[in-house]
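Number of protein chains: 4
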Amino acid sequence: MPLRERLHEIVFEADTRAGRAFDVGLLVLILGSVVAIALESVPDLGAEHRAGLRALEWVFTALFTLEYAVRLYCVRNPFAYARSFFGVIDLLAILPAYLGLVFVDTHSLGIVRVLRLVRVFRVLKLVQFLGEASVLRAALRRSLHKIIVFLLAVICMVIVLGTAMYVVEGSASGFDSIPRGIYWAIVTLTTVGYGDIAPKTVAGQALASFVMLLGYGILAVPTGIVSAELVRQPPRTSTQHCPHCAAEGHADDAIFCRRCGKSM
Amino acid sequence: MPLRERLHEIVFEADTRAGRAFDVGLLVLILGSVVAIALESVPDLGAEHRAGLRALEWVFTALFTLEYAVRLYCVRNPFAYARSFFGVIDLLAILPAYLGLVFVDTHSLGIVRVLRLVRVFRVLKLVQFLGEASVLRAALRRSLHKIIVFLLAVICMVIVLGTAMYVVEGSASGFDSIPRGIYWAIVTLTTVGYGDIAPKTVAGQALASFVMLLGYGILAVPTGIVSAELVRQPPRTSTQHCPHCAAEGHADDAIFCRRCGKSM
Amino acid sequence: MPLRERLHEIVFEADTRAGRAFDVGLLVLILGSVVAIALESVPDLGAEHRAGLRALEWVFTALFTLEYAVRLYCVRNPFAYARSFFGVIDLLAILPAYLGLVFVDTHSLGIVRVLRLVRVFRVLKLVQFLGEASVLRAALRRSLHKIIVFLLAVICMVIVLGTAMYVVEGSASGFDSIPRGIYWAIVTLTTVGYGDIAPKTVAGQALASFVMLLGYGILAVPTGIVSAELVRQPPRTSTQHCPHCAAEGHADDAIFCRRCGKSM
Amino acid sequence: MPLRERLHEIVFEADTRAGRAFDVGLLVLILGSVVAIALESVPDLGAEHRAGLRALEWVFTALFTLEYAVRLYCVRNPFAYARSFFGVIDLLAILPAYLGLVFVDTHSLGIVRVLRLVRVFRVLKLVQFLGEASVLRAALRRSLHKIIVFLLAVICMVIVLGTAMYVVEGSASGFDSIPRGIYWAIVTLTTVGYGDIAPKTVAGQALASFVMLLGYGILAVPTGIVSAELVRQPPRTSTQHCPHCAAEGHADDAIFCRRCGKSM
Chain P
-19 MPLRERLHEI VFEADTRAGR AFDVGLLVLI LGSVVAIALE SVPDLGAEHR
31 AGLRALEWVF TALFTLEYAV RLYCVRNPFA YARSFFGVID LLAILPAYLG
81 LVFVDTHSLG IVRVLRLVRV FRVLKLVQFL GEASVLRAAL RRSLHKIIVF
131 LLAVICMVIV LGTAMYVVEG SASGFDSIPR GIYWAIVTLT TVGYGDIAPK
181 TVAGQALASF VMLLGYGILA VPTGIVSAEL VRQPPRTSTQ HCPHCAAEGH
231 ADDAIFCRRC GKSM
Chain X
-19 MPLRERLHEI VFEADTRAGR AFDVGLLVLI LGSVVAIALE SVPDLGAEHR
31 AGLRALEWVF TALFTLEYAV RLYCVRNPFA YARSFFGVID LLAILPAYLG
81 LVFVDTHSLG IVRVLRLVRV FRVLKLVQFL GEASVLRAAL RRSLHKIIVF
131 LLAVICMVIV LGTAMYVVEG SASGFDSIPR GIYWAIVTLT TVGYGDIAPK
181 TVAGQALASF VMLLGYGILA VPTGIVSAEL VRQPPRTSTQ HCPHCAAEGH
231 ADDAIFCRRC GKSM
Chain V
-19 MPLRERLHEI VFEADTRAGR AFDVGLLVLI LGSVVAIALE SVPDLGAEHR
31 AGLRALEWVF TALFTLEYAV RLYCVRNPFA YARSFFGVID LLAILPAYLG
81 LVFVDTHSLG IVRVLRLVRV FRVLKLVQFL GEASVLRAAL RRSLHKIIVF
131 LLAVICMVIV LGTAMYVVEG SASGFDSIPR GIYWAIVTLT TVGYGDIAPK
181 TVAGQALASF VMLLGYGILA VPTGIVSAEL VRQPPRTSTQ HCPHCAAEGH
231 ADDAIFCRRC GKSM
Chain U
-19 MPLRERLHEI VFEADTRAGR AFDVGLLVLI LGSVVAIALE SVPDLGAEHR
31 AGLRALEWVF TALFTLEYAV RLYCVRNPFA YARSFFGVID LLAILPAYLG
81 LVFVDTHSLG IVRVLRLVRV FRVLKLVQFL GEASVLRAAL RRSLHKIIVF
131 LLAVICMVIV LGTAMYVVEG SASGFDSIPR GIYWAIVTLT TVGYGDIAPK
181 TVAGQALASF VMLLGYGILA VPTGIVSAEL VRQPPRTSTQ HCPHCAAEGH
231 ADDAIFCRRC GKSM
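Chains as they are written, first to last, in the numbering used here: chain P, -19 to 244; chain X, -19 to 244; chain V, -19 to 244; chain U, -19 to 244.
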């Protein structure tokens, strides 16, 4: 197998041992890079630590640049890759560091690299072999439409309830505009409940109680949707047909057809 | 087809392309109008922006007035429409602006227009074609009785627990009346947890811990109700038709038609 | 039918129209009484309103006393009733008012009457006819053991995590004792999140993040338990057996057996 | 039966009446010990109470030491036990008290004993006889993979969202580093919502609203996973054994054995 194909197998696929090792190594690098960026943002950090983290970031950038070059080299259609979702993210992951040499605000640019964490999902293909991630994804895909309908209904409720709260409470309790009332309604309906804006009048607390009980009741809906999809998942029977009577739905370990009694 | 009927098909129905376009356009207008009202309520807004939003609101009002007139014109029974749920909301959506010319507090009146967002649900009929919204609605309708029973039980619990907390904590921690104790119990049992009123004594925190664990446990009930209904939804019957009587809904492994008894 | 038996049917049963009317009337009286007690606890209440509520409370007490006397009269075994759960609650509901004439703190005594709200559940028998409450109760009864096991596990976790947090954070952030740490762990694991005690150190926030993700993950367990029980509810197929081959599991509207094809 | 074997049956097993009594007694001792340690941590505690608790702790330590000695004596392979999970915890439970004689900070050492509460799970074997705990554990074990995949996805989201919030809000609202932003994202996505860090700008509140609705939607996933596993639990196969080959696990309506093909 020529080098280019062997590299392709390692860099783009996760079926071989080397490919899996590469993906895991990449995952570690991405995590390390993200931790370095996160640590650098901590305000009370000594100057020498900050310098070390900066150096480390350059190492990560060099490795990611090398990886990007290898990907461009070994892929059959480099332009298609460069314009694909992962190609753009791979480029965005290394650009900020180089742009940081020209411009100044490396802070906000470094964050773009975090997006590369999405690649974690690709490495999750390892777990997918267990069939779990794909089952989960299939159930979520099938429940997507129902959840969108539900979220639209929630957004309508939240606008009406937030406006009602703005009228009832007024700006004295922090409800100083309709958007803020809607923000409060979302905080309450989702049962997050920061408490930064909370009703103070009796009428407001009564309305808030209603919103909470409503949120408690409708919280059931998205859960029910996903549960139902996961339950409905293909039953674990074999897909085998009886060669004699074509009966289906046999157990995985069936030797004889449960309908005509002939050997399968 | 005469103009009146064609208008009726466009304005009241969503089956034709024109009807769907009208509904989507109306949805955009309603959303724009709601955003305008919401933005106008923001306190730190420049005078020229406020004037622009006010002008925009008049445009929306004019369009909604035109739409209301068209609806009255093309519907077969205008009086029935005017007294129906949507007819009243359509009128309430344009009245505040005209009333605002006579009276002063346009603020609280403008909010009534938000109610028109309910029309969003009508446009959702588009999504309903995917069968999702109707499945969801059917499951919710069937679980309504169980959820009402559950909410009644929750309200009883909340009154008893709120009163107990009022006795245990007293007014020093903010529990200065039984209604306030009940408000706290709702905030806690629904796991919202603002923190505006929180127990400070050991006995109060012990009681609160009990309420939280209780809320954690019974949160399962509404979810379970809706999940069960959604799971039960489509009976997993085969899609097979009986070749003799065309009856549907046979079990997956049926050998004979359950309606006419002939072999399938 | 003699008076005593007729009274018994009205007061103790909810099958006849009179009995149902009595129960609904009693429910209204209890709710009114509870609202009166709750309102009386509001601190900023005018003296004349307080006097009116006090008078109203005496009316409620008189009616409940009359009801208690009627119950004792018409029941076959008055001693058994007086010592039963509802008998004790009925007595406790009227005692505080009379004791209030001798002692002073009517406040804490009046609260006992709130317990009478449990009678609401009895009136719910009306709803039970719809079969909903009984289905719900059966599912909860069957999942009780699993939920107890789950709550025991949660209590163990909460003690270990609360103690760990007490060690990690110390009294500077409000974690000034192990019980308070446990209280915090309950507040966090149940996703209530008051915010009255919150971690301030990095280590504490990392531990808190772990507790939250744990709570998020295990919240699924009680919900799953109840959902599973409600789903497992008797399938809605008919209980009919085929008279020829005794096959079961026929659809509700089956006319011919789906196994042997003979008329049912 | 010799003493050593009889002791083994009592101390290590829970099948006999004596063994169960020993386990329950041990559970009471552990709980008492944990309560004593927890109480001792309360700051405003009289000196004489603290002395009493200290004495009580020595009694518990003596009893646990005796128990540890008995366990070492009656087990067949003392070294294997001493190095096992429970053996290490049993040793750790008594060491702190003796080490406290030499070193000073008994506080942090006493906490280690709390770990012994894990033994509660062993006593739960009693409940397991009801089949509930094992059903629960089996469902959790089977959904573990899916929940890990889900938690990985949540952690990715939380890093991206927390970083975005750090950029949007800045240190003025308390988002003074990326780790703190991630902490906020976890607090919000899990719907805990302390409110110690909350967005103050309009853009931040809009992003926070998105995070909350996202958390509300994906909260459904772990619940759905566990629900689905619990529903799938007992395969509704018949309890029928094949009269020829004694195979089990036949479908309810099987006519022929799926293993040996003979008529059932």
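Note that CB positions come from ideal geometry on N, CA and C, so glycine has one too.
Kindly indicate if chain V contains any beta-carbon less than 8 Å away from that of residue i.
{"i": "residue 3 (chain U)", "result": "no"}
{"i": "residue 201 (chain X)", "result": "yes"}
{"i": "residue 150 (chain X)", "result": "no"}
{"i": "residue 40 (chain X)", "result": "no"}
{"i": "residue 127 (chain U)", "result": "yes"}
{"i": "residue 36 (chain U)", "result": "no"}
{"i": "residue -10 (chain X)", "result": "no"}
How about residue i: is its C-beta nearer than 8 Å to some C-beta of chain U?
{"i": "residue 123 (chain X)", "result": "no"}
{"i": "residue 18 (chain P)", "result": "yes"}
{"i": "residue 211 (chain V)", "result": "yes"}
{"i": "residue 80 (chain X)", "result": "no"}
{"i": "residue 65 (chain V)", "result": "no"}
Closest Cβ-Cβ distance between residue i and chain P: below 8 Å?
{"i": "residue 154 (chain U)", "result": "no"}
{"i": "residue 216 (chain U)", "result": "Below a pLDDT of 50, predicted positions are generally treated as unreliable, and residue 216 (chain U), at 39, falls in that range; the measurement from the model is reported next regardless. Chain P contact via Cβ: absent."}
{"i": "residue 182 (chain U)", "result": "yes"}
{"i": "residue -13 (chain U)", "result": "no"}
{"i": "residue -16 (chain U)", "result": "no"}
Quick one: which chain V residues come within Cβ less than 7 Å of residue i?
{"i": "residue 192 (chain X)", "result": "166, 167, 170, 172"}
{"i": "residue 146 (chain X)", "result": "21"}
{"i": "residue 175 (chain P)", "result": "175"}
For a contact defined as C-beta to C-beta under 9 Å, what are the partners of residue i on chain X?
{"i": "residue 118 (chain P)", "result": "Simply none; closest approach about 16 Å."}
First and last residue of the alpha helix (DSSP H) that includes residue i?
{"i": "residue 246 (chain V)", "result": "Outside the displayed span of chain V (-19 to 244) sits residue 246 (chain V), for which this structure offers no information."}
{"i": "residue 207 (chain V)", "result": "200 to 212"}
{"i": "residue 152 (chain U)", "result": "Counting along the chain, residue 152 (chain U) falls outside any alpha helix (DSSP H), and DSSP gives it neither H nor E."}
{"i": "residue 22 (chain U)", "result": "Segment: none, residue 22 (chain U) is in no alpha helix (DSSP H) and carries neither H nor E."}
{"i": "residue -11 (chain X)", "result": "-17 to -8"}
{"i": "residue 82 (chain P)", "result": "65 to 82"}
{"i": "residue 26 (chain U)", "result": "Segment: none, residue 26 (chain U) is in no alpha helix (DSSP H) and carries neither H nor E."}
Kindly give me the distance between the Cβ atoms of residue i and residue j, rounded to whole angstroms, as I take these residues to be in contact under 8 Å.
{"i": "residue 209 (chain P)", "j": "residue 117 (chain P)", "result": "With 8 Å as the limit, residue 209 (chain P) and residue 117 (chain P) do not qualify as a contact, their Cβ atoms being about 11 Å apart."}
{"i": "residue -8 (chain V)", "j": "residue 68 (chain V)", "result": "16 Å between Cβ atoms; not a contact."}
{"i": "residue 195 (chain P)", "j": "residue 202 (chain X)", "result": "Their Cβ separation, rounded to whole angstroms, is 11 Å, which puts residue 195 (chain P) and residue 202 (chain X) out of contact at 8 Å."}
{"i": "residue 44 (chain V)", "j": "residue 74 (chain V)", "result": "5 Å"}
{"i": "residue 162 (chain V)", "j": "residue 177 (chain V)", "result": "Contact flag wrong, Cβ pair sits at about 11 Å."}
{"i": "residue 193 (chain P)", "j": "residue 131 (chain X)", "result": "6 Å"}
What in chain P is Cβ-close to residue i, meaning under 7 Å?
{"i": "residue 163 (chain X)", "result": "185, 189"}
Of all Cβ atoms in chain X, is any one closer than 8 Å to the Cβ of residue i?
{"i": "residue 207 (chain P)", "result": "yes"}
{"i": "residue 70 (chain V)", "result": "no"}
{"i": "residue 14 (chain V)", "result": "yes"}
{"i": "residue 77 (chain U)", "result": "no"}
Under 7 Å Cβ-Cβ, which residues of chain U neighbour residue i?
{"i": "residue 197 (chain X)", "result": "Residues of chain U passing the Cβ test: none, with the nearest at roughly 14 Å."}
{"i": "residue 178 (chain V)", "result": "174, 176"}
What does residue i touch in chain V if you count any residue whose Cβ is under 9 Å from its own?
{"i": "residue 159 (chain U)", "result": "182, 185, 186"}
{"i": "residue 131 (chain U)", "result": "193, 196, 197"}
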